[in-house]
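Accompanying notes for the structure given below.
There are 2 protein chains.
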Amino acid sequence: MTTEIAPTVEAINPELVTAGVPTHWYNLAADLPEPIPPHLHPGTKEPVGPDDLAPLFPAGLIAQEVTPERYIEIPEPVREIYQMWRPSPLFRARKFEQALNTKARIYVKYEGVSPVGSHKTNSAVAQAYYNSVDGVTKLTTETGAGQWGSALSFAGAQFGIDVEVWQVRASYDSKPYRGYLMKTYGGTVHPSPSDLTESGRAMLAKDPHTTGSLGMAVSEAVEVAANDPDARYALGSVLNHVVLHQSVIGQEAVAQLNAVEADGADVVFGCAGGGSNLAGLSFPFLREKLAGRSNPRIVAAEPSACPSITQGEYRYDHGDVAGLTPLLKMHTLGMDFVPDPIHAGGLRYHGMAPALSHTVELGLVEGQAISQHDAFAAGVTFARTQGIVPAPESTHAIAACAAYVADSDREEVVVIGLSGHGQLDLPAYAEYLDGGF
Amino acid sequence: MTTEIAPTVEAINPELVTAGVPTHWYNLAADLPEPIPPHLHPGTKEPVGPDDLAPLFPAGLIAQEVTPERYIEIPEPVREIYQMWRPSPLFRARKFEQALNTKARIYVKYEGVSPVGSHKTNSAVAQAYYNSVDGVTKLTTETGAGQWGSALSFAGAQFGIDVEVWQVRASYDSKPYRGYLMKTYGGTVHPSPSDLTESGRAMLAKDPHTTGSLGMAVSEAVEVAANDPDARYALGSVLNHVVLHQSVIGQEAVAQLNAVEADGADVVFGCAGGGSNLAGLSFPFLREKLAGRSNPRIVAAEPSACPSITQGEYRYDHGDVAGLTPLLKMHTLGMDFVPDPIHAGGLRYHGMAPALSHTVELGLVEGQAISQHDAFAAGVTFARTQGIVPAPESTHAIAACAAYVADSDREEVVVIGLSGHGQLDLPAYAEYLDGGF
C-alpha cells in the first residue's frame, strides 16, 4: 500500500507553551524583607515548635513549615506522580480576549488537568509521601466542596494510606459527586459535623441543623488524628508547607510565560480562599519582582461573601472553630464566621494563609472582592469561548481579570490562575443560568 | 534580592510524549484493498448521492462522506480550536502496569483533556465549521449519556450556531450534569422521545413510559432538521466523515508512540459504540500496518449488553428507529434493539460504523465483548493507580487490555484509547463500589 510517511503532524502547537516539571519547590520566605510571623501555641502563646506539631504532622512537613531555605528538592516519588499531569498547560485565551474586546494578552495557567481536576493534588501527593516516610497508615482531613478530600484520597491510594474525610454537610448533601470520587479512590467520607467526634457532637448539640463549615470540619479531623497514634492530619491550604508545594504552579507559569513574553506578566489574577492556590501561582512571580526581573501586580480575587483580605482583620486567630489548631497571624473574619452558602465552597474559609497575608501587608499582593453573580457571568463567557467550564472558585479570578481588561487598548500581559474545572459544579451553573443569583 | 535564575524547571517531562497537532485528517479508505460499501437510499435502495443528503448535511461534510482522498486538510478555523487542547497526551501508565504485574508497556492516549471531556469534540468542531460555511444557523442532534450533545453545544458556541439536542430520556433523567453542560455552552436539550416531533409522539403513543434509545433520538433530530430549511442535522458517530475527523487521535498517537517505541504498537485497544472513537484511534495504526511499518492487532472492546461486532449481523440496516436515515452496511443488532440501560450510554447503539465494520470483515479489527462488572473493576484499578477516572465507555478498553496483559512476561507495547473522563459518571462508580453490579 502507501509507503509515504504522513506529513501531517506539526512539530509544535504554537498556542500551547511547553516547559518541564519543577525539580524543587520554591520558598518565598527566603526572599522577603521581613519574616512571616510564627504560628503560636494556643495555650502558651509562644511560637510552636516541632514537638507541638508532631502529633499532627510528619517530620518532613514540620521542617518545611519553618524552613528558611529558598529551594527544597521535590522527592523523586512525588515528582514521578506530578509527571502524570505536569507541567500543567499555560495557554493564550484568544477567544476570551475577543469576547472582552481587549488588546490585553490573556494567558491561563490551568490546573484542572490534574487527576482530580484542581491544584489541590500538588500538595496532597507531597503530604501523603512525607506521611508514608514516617510510617503513617491513616490520614484525616476536612473538605468543603470536596476538591481537597478527593485529592488526598487519590494521594493516599498512591502511597497505601487510608484517608478519612470530614466534608462540610452543605456540600456533602448538595454535591455528592466529589464524595463518590473520594470513594472511587478508596477514601472514606463523613458529613461534618458528625457524631463521630467530641467536637462534632458539641456542635450538633448547639445546632442540630447546622450545615457545617470548614472550621468545624477541621476540628473533627484534628481531633481524630490527635487521638490515634498511627494517624496524622492533613490540611489542604493555609499552612506554609502547603503554600510551598503549590509553588510548582507559579514556577512553571513563569518559565512558560518567559518563553513567549520577554517582559513577563503585568498582572496576575488568582482566586484566594485559604490562599494556597494564589500563593502557589504568585510567589514565583514575586520572586521575579523582588529580583527586579519583572514588575507584576498580584490580585487576590475573593468572594464578597467571605472577604477575609478586603474586610478581615490582620491578627492572630485559630484555623478552626474548636480552637484546636495553633494561632495563625492572618487576615481573618473570625473563627466563628459562617459565610453564606455560595457555590465556591473552596473559598468559604474565615482566614487566609499567613504567608499570603504577610505579602498583602508588605504591599506585594492586593485583594479584590467579587460577587457570585459577576463570578459566574465571567465563567459562562469563559466556557463558551474557551470551552473549559471553570470551577466556581476560579471564576472569581476570571471575573477580576475581565473587569480589568474589558474594552481596554492597553497591550498588557495578564495571567489568570485557573485552579480547576467545574464539571462537578454544573448544578451551580444551571442555577445561575436560570436566574437563581 | 536574589539575582539567580531558578534552575528548577526541567526541559522535558520524560513521561509525557510530546508531538504536534495534525494538519490533515487521514482517510483509511484510500489505503484499503476493497472499498467501503456505499450507503443506500431507504426508498430506492440505490447508493445515496449528494442531493439525497443535502437536506441533512452541508456540502463539505457530504464530500467527505464519499471522498477517495487519503489526506484532507483541516481548515484553519477548526485547527485553531483543536489547538486549545490538542495534541492530547500519550502517557506511559507505569502504576497501572505495576498493579497488573505485567512486563507489557502500556501507553494511554487520553482524549479527556478536551473541553467537554471526550473525543467527541474532534468531530463536533469540524461539523459546526462546515455548517457555518453553508450559512446554517441551527443544528439538531441526538445524544445518549450527553458527551456528543455537550461537544456539539460547545462547537455551536464557537461558530454562532444554535444547537438543539434530543437526549435519551433514561440519561436525561438520571444524569442531569451533561444537560447542564449543554446549557452552559448555550445549547437546548429535550428528553427523547418528546412530543415535539411526529416520530417522538408515535413512539410515546406506542409506549408512554419508554426510557428512549439513541435510535429514537436520531429520528427526532433528523425530522426537525429535514423540516427546517435553515437547520441541518449532525451525527456524532457512525458516518464516514465523523470517523475521518477522529483520525487526529490516531495520527497523534502514532507519532507520539514512534518517538519512544521504534517498533510501534503490538496491540491497540479501544472501546466501540458507534465506532468513531476506535476508528479514529486505530485507522492511522492500520495505515502503518498496511504500509508494512508495523503490525498491530486492533481490538474493539464492546459491552456484552450491546455486542454489535461479536454478535450482530453484517448487513444493510437503518441508523435510526423510524427508518429515516440511509441504509448502512454494518454490524447490527437490528434497528429495534434496545440494550439494557448500562452506564456506558455511548456504547448503547444497535449498529457500528460502516468503515469500522468493513475493517472487521477484512480481518484488520477484532471484537471483544466485556461485561459491565469487569469494565468498572478495571476502571477503579485505573483510577487508583493513574488518578484519572475513566468514562464508563473507556473502561471497556481498559478491561480488555488488563485481561490481556495481566501477569504476563511478554514485553509487548500496548495502547489504550481513553476516550474520555468519567467525572460526570461518578454515580455509576458509586453503584459499582456498593456492589450494585
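Same order as they appear, the protein sequences are chains A and B.
Residues 21 to 457 in this note's numbering are what the first sequence lists, from first letter to last.
Residues 21 to 457 in this note's numbering are what the second sequence lists, from first letter to last.
Don't be surprised by glycine CBs; every beta carbon is placed ideally from N, CA and C.
List, in chain order, every chain A residue whose beta-carbon is nearer than 7 Å to that of residue i.
i: residue 7 (chain B); result: Only positions 21 to 457 of chain B appear in the structure, and residue 7 (chain B) is not among them; the question remains open.
i: residue 137 (chain B); result: 443
i: residue 133 (chain B); result: 133
i: residue 450 (chain B); result: 200 and 203
i: residue 408 (chain B); result: 135
i: residue 127 (chain B); result: Ordered by position in chain A, no residue passes the 7 Å Cβ test against residue 127 (chain B), which lies about 13 Å from the chain.
At a CB-CB cut-off below 8 Å, which residues of chain A make contact with residue i?
i: residue 111 (chain B); result: 104
Do residue j and residue i count as a contact pair if the criterion is CB distance below 9 Å?
i: residue 374 (chain A); j: residue 298 (chain A); result: no
i: residue 437 (chain A); j: residue 96 (chain A); result: no
i: residue 419 (chain A); j: residue 320 (chain A); result: no
i: residue 92 (chain B); j: residue 264 (chain B); result: yes
i: residue 294 (chain B); j: residue 257 (chain B); result: yes
i: residue 186 (chain B); j: residue 218 (chain B); result: no
i: residue 164 (chain B); j: residue 183 (chain B); result: no
i: residue 366 (chain A); j: residue 355 (chain A); result: no
i: residue 242 (chain A); j: residue 211 (chain A); result: no
i: residue 160 (chain A); j: residue 254 (chain A); result: yes
i: residue 107 (chain A); j: residue 47 (chain A); result: no
i: residue 58 (chain B); j: residue 86 (chain B); result: yes
i: residue 369 (chain A); j: residue 200 (chain B); result: no
i: residue 425 (chain B); j: residue 175 (chain B); result: no
i: residue 116 (chain A); j: residue 406 (chain A); result: yes
i: residue 53 (chain B); j: residue 306 (chain B); result: no
i: residue 444 (chain A); j: residue 166 (chain A); result: yes
i: residue 154 (chain A); j: residue 69 (chain A); result: no
i: residue 371 (chain B); j: residue 332 (chain B); result: yes
Given a threshold of 16 other Cβ atoms within 10 Å of its Cβ, counted over all protein chains shown, does residue i qualify as buried or as exposed?
i: residue 149 (chain A); result: buried
i: residue 31 (chain B); result: Since pLDDT at residue 31 (chain B) reaches only 35, below the 50 mark, its modelled position is unreliable, and the value read off the structure follows with that caveat. Exposed, by the Cβ-count rule.
i: residue 228 (chain B); result: exposed
i: residue 112 (chain A); result: buried
i: residue 430 (chain A); result: exposed
i: residue 247 (chain B); result: exposed
i: residue 77 (chain B); result: buried
i: residue 280 (chain A); result: exposed
i: residue 40 (chain A); result: buried
i: residue 455 (chain B); result: exposed
i: residue 393 (chain B); result: exposed
i: residue 315 (chain B); result: exposed
i: residue 404 (chain B); result: buried
Listing by chain order, which chain B residues have their CB less than 7 Å from the CB of residue i?
i: residue 404 (chain A); result: 177, 205 and 206
i: residue 400 (chain A); result: 204
i: residue 253 (chain A); result: Within chain B, no residue comes near residue 253 (chain A); the closest Cβ sits about 23 Å away, beyond 7 Å.
Residue i lies in the beta strand (DSSP E); which residues open and close that run?
i: residue 12 (chain A); result: Not covered by the structure: residue 12 (chain A). The range shown for chain A is 21 to 457.
i: residue 291 (chain A); result: 287-291
i: residue 65 (chain B); result: Counting along the chain, residue 65 (chain B) falls outside any beta strand (DSSP E), and DSSP gives it neither H nor E.
i: residue 209 (chain A); result: 208-212
i: residue 261 (chain B); result: Note, residue 261 (chain B): premise wrong, no beta strand (DSSP E); alpha helix (DSSP H) at 260-265.
i: residue 46 (chain B); result: 44-46
Mind listing the chain A neighbours of residue i? Cutoff is C-beta to C-beta under 9 Å, in chain order.
i: residue 174 (chain B); result: 403, 404 and 407
i: residue 334 (chain B); result: None at all; the shortest Cβ gap to chain A is about 23 Å.
i: residue 211 (chain B); result: Per Cβ cutoff of 9 Å: no residues; residue 211 (chain B) is ~15 Å from chain A at best.
i: residue 149 (chain B); result: Ordered by position in chain A, no residue passes the 9 Å Cβ test against residue 149 (chain B), which lies about 14 Å from the chain.
The alpha helix (DSSP H) spanning residue i covers which residue range?
i: residue 375 (chain A); result: 374-381
i: residue 402 (chain B); result: 392-406
i: residue 191 (chain B); result: 189-194
i: residue 416 (chain B); result: 412-425
i: residue 441 (chain B); result: From DSSP, residue 441 (chain B) is part of no alpha helix (DSSP H); its letter is neither H nor E.
i: residue 347 (chain B); result: From DSSP, residue 347 (chain B) is part of no alpha helix (DSSP H) but of the beta strand (DSSP E) over 347-352.
i: residue 333 (chain A); result: It is not in any alpha helix (DSSP H) - residue 333 (chain A) instead sits in the beta strand (DSSP E) that spans 333-338.
i: residue 99 (chain B); result: 96-102
i: residue 76 (chain B); result: Unbroken run through residue 76 (chain B): none, as it is neither H nor E.
Could you list which residues in chain B have their beta carbon closer than 9 Å to that of residue i, in chain order?
i: residue 447 (chain A); result: 196, 197 and 200
Contiguous beta strand (DSSP E) assignments of at least 3 residues, all confined to the segment 223-254 of chain B: 251-253
Please give the ranges of any alpha helix (DSSP H) in the segment 115-184 of chain B, keeping only runs that are unbroken, at least 4 residues long and fully inside the region. 141-153 and 167-179
May I have a chain-ordered list of the beta strand (DSSP E) segments no shorter than 3 residues that lie completely inside the segment 275-327 of chain B? 287-291 and 317-323
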